[in-house]
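In terms of the UniProt record's numbering, the sequence shown has 22 at position 22, counting the first letter as 1, and numbering is strictly consecutive. Glycine residues also receive a C-beta, built at the ideal position from the N, C-alpha and C atoms.
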Amino acid sequence: MSDLTTTVSRYLDIWNEADADKRAAAIAELFTADAPYIDPLAAVEGHEGFGAVVAGARDQFKGLTFELHGTIDAHHDQARFQWGLVTEPGTEPIAIGFDVVVTDGAGRIKGVYGFLDKVPAA
1 MSDLTTTVSR YLDIWNEADA DKRAAAIAEL FTADAPYIDP LAAVEGHEGF GAVVAGARDQ
61 FKGLTFELHG TIDAHHDQAR FQWGLVTEPG TEPIAIGFDV VVTDGAGRIK GVYGFLDKVP
121 AA
C-alpha cells in the first residue's frame, strides 16, 4: 500500500503543478505511454492527452488545489481515493471526485478512471 500511497500523492502533485514543463516531465515519469484517463468530462490516452486535461482544469480553476480526502483503499496494483478541489488547504471543497488508478506493478500508472461526486455551481 505504501507504494500506491506514493503513486496517488505524485498523481495529485501533477494536478497542482503550475509549471507546464515540470508537469509534463512528471506525467512522463509516472504514467505509461498509452495510459487512458477517463472521467465524466474527458476520455483521453497518453501523456499529451492527460496533460491537456490537467492544463484545462488548472486554467478553469486558477488558484485552487487538489488534495486527498480520506484514506486510500488499495490492493492488487490499484487504488481508489477521494479528492477535493479547495481554495485553501483543509477548507470545504468546491468539487469532490473519486478516482481509481491502476498501476503496472512497477509504480507507473496504466489507467485512471474518475467520477465526480460534487461539481461547482454554474
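Item	Value
Whether E67 touches V44 by CB criterion (7 angstroms)	no
Reduced DSSP secondary structure (H/G/I, E/B, other) of V53	helix
Simplified DSSP state of K22, which is helix, strand or coil	helix
Close Cβ partners of D39 (< 6 angstroms) along its chain, the five nearest in sequence each way excluded	G114
Local Cβ density within 10 Å of H75, reported as buried at 16 or more and exposed below that	exposed
Cα-Cα separation between D21 and E92, rounded to whole angstroms	30 angstroms
8 angstroms contact criterion, which V54 and I14 should meet: CB distance rounded	6 angstroms
Proximity below 7 angstroms, CB of L41 to CB of R10	no
Which residues DSSP lists as bridging Y11, in chain order	Partner(s): none; Y11 has no beta bridge.
Beta-bridge pairing of I38 - partner residues as DSSP gives them	A43, Y113
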